[in-house]
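K.L.:
Heads up, the working numbering is the position in the sequence shown plus 903, with the first residue counted as 1.
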Amino acid sequence: MRKILQRNEKVELNSFIDEFVKARQKYFTPGQEWLEAELAEEKISVYMDKAQLEKDLDELVKTSLMYGKVRNLEMKIQVKKTADGAGICFSDNGVGNWRNKSICVTGKPGRGLETKKIWGVQVA
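Here it is in structure tokens:
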């Protein structure tokens, strides 16, 4: 348990996702593939394993690129503030329809925090 907590660090989601998108966009074919970010108005900070989230997002992008069957592949990562935390949603139009994968980060101060374990994040 201690090793899991040692990898978690406080990260501001808008900045992290924006940097992720900019770093990946330069590898795509202009006019055929596009990745964009739709960020929340306010800053959302979470404790998370940054490397794991980056790996998971890279896997979603890779899957979209491998199996996308449309001419203009669009991928979108959305960061939203929710009533009890934050959410990250990855969408693509790879099969002609928009598909979504999402995570929710939940918890309120003063209560036990609940998180989606596969992402290892919690509200900061």
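Idealized CB from N, CA, C, for every residue including glycine.
1) On a CA-only basis, which of K972, N911, N917 and G934 is nearest Q981? Give me that one, please.
2) With 16 other CB atoms within 10 Å as the buried threshold, where does G997 fall?
3) Closer than 8 Å is the cut-off here; do at least three beta carbon pairs connect the segment 963–980 with the segment 948–955?
4) Since I believe Y950 is in contact with K925 (beta carbons under 8 Å), could you give me their beta-carbon distance rounded to a whole number of angstroms?
5) Return the first residue and the last residue of the alpha helix (DSSP H) that E962 is part of.
6) I'd like the list of long-range same chain contacts for E941, defined as Cβ closer than 8 Å, with 5 residues on each side in sequence excluded.
7) Taking all protein chains shown into account, do 16 or more other C-beta atoms lie within 10 angstroms of the C-beta of G934, making it buried, or fewer, making it exposed?
8) In terms of alpha-carbon separation, which member of K946, D995, G990 and I991 lies closest to M969?
P.N.:
Quick look at the numbers:
1) N917
2) buried
3) no
4) Not really, about 24 Å apart at Cβ, beyond 8 Å.
5) K953 to Y970
6) K979, I980, Q981 and V982
7) exposed
8) D995
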